[in-house]
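Q: One structure coming up, written as structure tokens, with questions to follow.
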Amino acid sequence: MTAATPLNVEALRKDFPLLTRTVHDRPIVYLDSASSALQPHAVINAMADYYATTHANVHRGVYATAEESTYLFEKTRLVVGRFIGAPEPEHEIVFTKNTTESLNLVAHTWARANLGPNDRILLTEMEHHSNIVPWLMLAEEVGLEVRYIPVEGGGRLDLSDLPSLIDGVKLVGLSAMSNVLGTITPVAEITAVAHDAGAVVVVDGAQLVPHAPVAVTALGADFLAFSAHKMMGPTGLGVLWARRALLDAMPPFMGGGGMILDVKLDSFRAAPPPARFEAGTPPIAEAVGLSAAVDYLSDIGMDRIRAHEFALTNHALARLDEKLGSDCRIFGPPAGDDRGGVISLAYRDIHAHDLAQVLDQFGVCVRPGHHCAKPLMRKLGVQATARASLSLFSDEHDIEVLIEGLVEAGRLFG
Amino acid sequence: MSSDFDDLYREIILDHYRSPRNRGELESPPAHRVEGFNPLCGDEVVVSLLVEDGKLSDLKIGGSGCSISQSSASLMSSAVKGKPLDEVLQLIHTFKGMMSIHEAHLGKDGEAAEPEVIDLDELGELAALQGVVKFPVRIKCATLSWNALAQGLDEVAAEAS
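The following block contains the structure:
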């Protein structure tokens, strides 16, 4: 990692009102940002101010507040587009409900228009269900062959068979960072191979975009999906970035108001992107919140956030090993540049739900379960893991409380 | 540890988790086999049951999961094994009543219907699981094996008719 000015975590923690609450008389230790991030005052206030001073529907009225709402909503497209280095944000950023809907949008539109019986698509074994199930649904419908890039024992993608796996593939879907293992995947490398083979690449950026600098031009991919609520914005808003030429050629997703040029009793003409894919009143206040979230992250600096979480991940992995040794099994790659701040673990043979329930008594919020990645869990040979995930406000004390809770769970269930 | 937490992990629950009763599977057929899944956590339970002469003459519990799902399955097996079917069905009804969040818990005074009074004596050791209801996410853990048993009895009855 390049040297970046360290974060003043103590000061940043004051930005998050939820961090001031206690749980079971203990300060909350929030280690579940991979599931959903917390919101800083800046985001909460921006949304409250919007509702209190500006709210009106967008793209319709011509009165002052309607114009202001439309401006704020469309401005978010530019703010988000710049954040991920989109060449043409005003055309290429589509707002959806969440990452899941963004991926389903691609499956319903680009894929239905371009894939037919016996066409091949290539996914990876470490995908979230949201980047598997839409493709399986489409495969059932049109008769696709679905292949998978395997995950090797260390939690990385095994690319040794990629040259043969890619043969005849028209679409590759992969996560930029695993929500279970923390593995940061070589998207650019895989994309180069995919493009040589004539395939488009759909990237699930839900975990990477909130935690590291991401530029779509560097990834090289064709579609990038992510969610506002994992990047300190509100729930209910997702983003799909796609190359303009692809969006221009794609049929609409849902039908309704806002996505048309003209409607007659027997026909309609669809609007150009991005409106073509945004039927109905969009999440306007949520877009205002996402703008504030992106500004908040950008002001801190994604390189500094990544450096902080990188250092804390290394510290956490070392401390867990030092204090708990072989009782604690950590999934995913060892500390390194290709590992993000998602730490899935098993402690002795205590079920993840029981671990998480004991940790809750210490105020520690972790996610137990299969993390919507059942194929990967089967590959790992576990039913569930307890997952601690870091944020820009996480610190070494959080890790100590996590370890304290795990030790207590060992005492109770041991 | 909070008192709610201690209510959740009663000693009897930990005992059934550490030393589960009636583990295994019955040969099927003649036994009937039902699988239950908790999609939230991936827990799985396999209930094999044998109904003879209007009685649940034998049952075994397989699968794996958290302490709540496993101890609930173990406690269930001890409570229903060998019992007449009508008693088993009544117990399922009573247990699931204990595990449900009633409108009265929402605090809307005057409007909510009174929850059904649960006879904890009828539940015996199973009453130890009542602490689970304060942890709504875990209710599905506690009811996993009971739903599988209920489904199994339904299927056996359907086959017989």
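Protein sequences appear in the order of chains A and B.
Each step along the first sequence adds one to the number in our numbering, with nothing skipped, and position 56 is 433.
Each step along the second sequence adds one to the number in our numbering, with nothing skipped, and position 105 is 1169.
No residue lacks a Cβ here, since even glycine has one placed at the ideal position from N, Cα and C.
#1: Using a Cβ cut-off of 9 Å, pull out every chain B residue sitting near residue 789 of chain A, in sequence order please.
#2: Under a three-way DSSP split, which group does residue 1101 of chain B fall into?
#3: Identify the continuous beta strand (DSSP E) that holds residue 473 of chain A and give its terminal residues.
#4: How far does the beta strand (DSSP E) with residue 771 of chain A in it extend, from its first residue to its last?
#5: Using a Cβ-Cβ distance under 8 Å, would residue 1128 of chain B count as near chain A?
#6: Scan the region 586 to 674 of chain A and note each continuous alpha helix (DSSP H) run of 4 residues or more that stays entirely inside, going in chain order.
#7: Going by C-alpha to C-alpha distance, which of B:1216, B:1208, B:1128 sits closest to residue 761 of chain A?
#8: In the DSSP output, what is residue 554 of chain A paired with across the bridge?
#9: Below 7 Å on C-beta distance, what does residue 1069 of chain B contact in chain A?
#10: Rounded to the nearest angstrom, what separates residue 1168 of chain B and residue 1197 of chain B at their Cα positions?
#11: Strictly under 8 Å for the Cβ-Cβ distance: is residue 1131 of chain B near chain A by that measure?
#12: With a cut-off of 8 Å, do at least 3 Cβ pairs link the region 764 to 771 of chain A to the region 670 to 689 of chain A?
#13: Please tell me whether residue 734 of chain A has its Cβ less than 8 Å away from any Cβ of chain B.
#14: Would you say residue 409 of chain A reaches chain D, if we count a Cβ-Cβ gap shorter than 8 Å as a contact?
#15: Going by DSSP, what residues sit across from residue 737 of chain A in a beta bridge?
#16: Hey, residue 1100 of chain B and residue 1221 of chain B are a contact pair by Cβ (cut 8 Å); roughly how many whole angstroms apart?
#17: Cβ atoms of residue 499 of chain A and residue 561 of chain A: under 8 Å apart, would you say?
#18: Ends of the beta strand (DSSP E) at residue 1122 of chain B?
#19: Considering Cα atoms alone, identify which of B:1065, B:1110, B:1096, B:1073 is closest to residue 402 of chain A.
#20: With DSSP collapsed to three states, give me the class of residue 428 of chain A.
#21: I want to verify the contact list: residues of chain B whose CB lies under 9 Å from the CB of residue 704 of chain A, in sequence order.
#22: What number of angstroms, rounded off, separates the C-alpha of residue 729 of chain A from the C-alpha of residue 723 of chain A?
#23: Measuring CB atoms only, is the region 702 to 713 of chain A touching the region 411 to 422 of chain A, in the sense that at least three cross pairs come out at less than 8 Å?
#24: On the DSSP letters alone, give me the boundaries of the alpha helix (DSSP H) that residue 1066 of chain B sits inside.
#25: Return the Cβ separation of residue 1111 of chain B and residue 1132 of chain B in integer angstroms, given the expectation that the two are a contact with Cβ distance under 8 Å.
#26: Write down the C-beta distance between residue 553 of chain A and residue 513 of chain A rounded to the nearest angstrom, noting that I regard them as a contact closer than 8 Å.
#27: Go through the region 380 to 427 of chain A residue by residue and report every complete run of the alpha helix (DSSP H) that reaches 4 residues or more, in order.
#28: Beta-carbon within less than 7 Å of residue 652 of chain A's beta-carbon, same chain only, minus the 5 sequence neighbours each way: which residues are those?
#29: Is the Cβ of residue 1176 of chain B closer than 8 Å to any Cβ of chain A?
#30: Pick from A:750, A:480, A:674, A:663: whose alpha carbon is nearest that of residue 432 of chain A?
#31: Tell me whether residue 746 of chain A sits in a helix, a strand or coil according to DSSP, three-state version.
#32: Tell me, which residues are paired with residue 499 of chain A by DSSP?
#33: Rounding to the nearest angstrom, what Cα-Cα distance links residue 482 of chain A and residue 489 of chain A in this structure?
#34: So, helix, strand or coil for residue 1096 of chain B, using DSSP?
#35: The alpha helix (DSSP H) spanning residue 683 of chain A covers which residue range?
#36: Measure from the C-beta of residue 751 of chain A to each C-beta in chain B and report whether the shortest distance is under 8 Å.
A: With the structure as the only source:
#1: In chain order: 1065, 1073, 1078.
#2: Strand at residue 1101 of chain B.
#3: Boundaries of the beta strand (DSSP E) around residue 473 of chain A: 470 to 473.
#4: Looking at the DSSP string, residue 771 of chain A is not in any beta strand (DSSP E), and its letter there is neither H nor E.
#5: At least one C-beta of chain A is nearer than 8 Å to the C-beta of residue 1128 of chain B.
#6: Segments of the alpha helix (DSSP H) lying fully in the region 586 to 674 of chain A: 593 to 596, 621 to 626.
#7: Sorting B:1216, B:1208, B:1128 by C-alpha distance to the C-alpha of residue 761 of chain A places B:1128 at the top.
#8: Bridge pairing for residue 554 of chain A: A:561 [DSSP].
#9: Going along chain A in sequence order, the residues near residue 1069 of chain B (Cβ under 7 Å) are 738.
#10: Only weak support is given to the placement of residue 1168 of chain B: the predicted model assigns it a pLDDT of 47, under 50, and the value that follows is read from those uncertain coordinates. C-alpha separation (whole angstroms): 13 Å.
#11: By this cut-off, residue 1131 of chain B is an interface position.
#12: Enough Cβ pairs lie closer than 8 Å, so yes.
#13: Proximity of residue 734 of chain A to chain B, defined by a Cβ-Cβ separation below 8 Å, is satisfied.
#14: The structure shown contains no chain D; its protein chains are A and B.
#15: DSSP, once it has assigned bridges, lists no residue as partnering residue 737 of chain A.
#16: Not confirmed; about 18 Å, so no contact.
#17: Against a cut-off of 8 Å, the Cβ pair of residue 499 of chain A and residue 561 of chain A comes out as no contact.
#18: Residue 1122 of chain B -> beta strand (DSSP E) spans 1119 to 1128.
#19: Comparing Cα-Cα distances from residue 402 of chain A to each of B:1065, B:1110, B:1096, B:1073, the minimum goes to B:1065.
#20: Note: residue 428 of chain A maps to helix in three-state DSSP.
#21: Taking the beta carbon of residue 704 of chain A as reference, no residue of chain B falls within 9 Å; the closest one sits roughly 18 Å away.
#22: About 7 Å.
#23: Because the criterion of three Cβ pairs below 8 Å is not met, the region 702 to 713 of chain A and the region 411 to 422 of chain A do not touch.
#24: Unbroken run through residue 1066 of chain B: none, as it is neither H nor E.
#25: The distance from the Cβ of residue 1111 of chain B to that of residue 1132 of chain B is about 16 Å, inconsistent with a contact at the 8 Å cut-off.
#26: Residue 513 of chain A and residue 553 of chain A do not touch by the CB rule: their CB atoms are close to 21 Å apart, not below 8 Å.
#27: Entirely contained in the region 380 to 427 of chain A, the alpha helix (DSSP H) runs reaching 4 residues are, in chain order, 386 to 390.
#28: The answer, listed in chain order, is 635, 636.
#29: Reliability of the predicted coordinates at residue 1176 of chain B is poor, the pLDDT of 49 falling under 50, and no value is obtained from them.
#30: That would be A:663, whose Cα lies nearest to the Cα of residue 432 of chain A.
#31: The answer is strand: DSSP assigns residue 746 of chain A an E or B state.
#32: By DSSP's assignment, residue 499 of chain A forms a beta bridge with A:524, A:549.
#33: C-alpha separation (whole angstroms): 10 Å.
#34: Here DSSP, grouped into helix, strand and coil, assigns residue 1096 of chain B to strand.
#35: Element bounds for residue 683 of chain A: 679 to 701.
#36: Residue 751 of chain A belongs to the set of residues whose beta carbon lies under 8 Å from a beta carbon in chain B.
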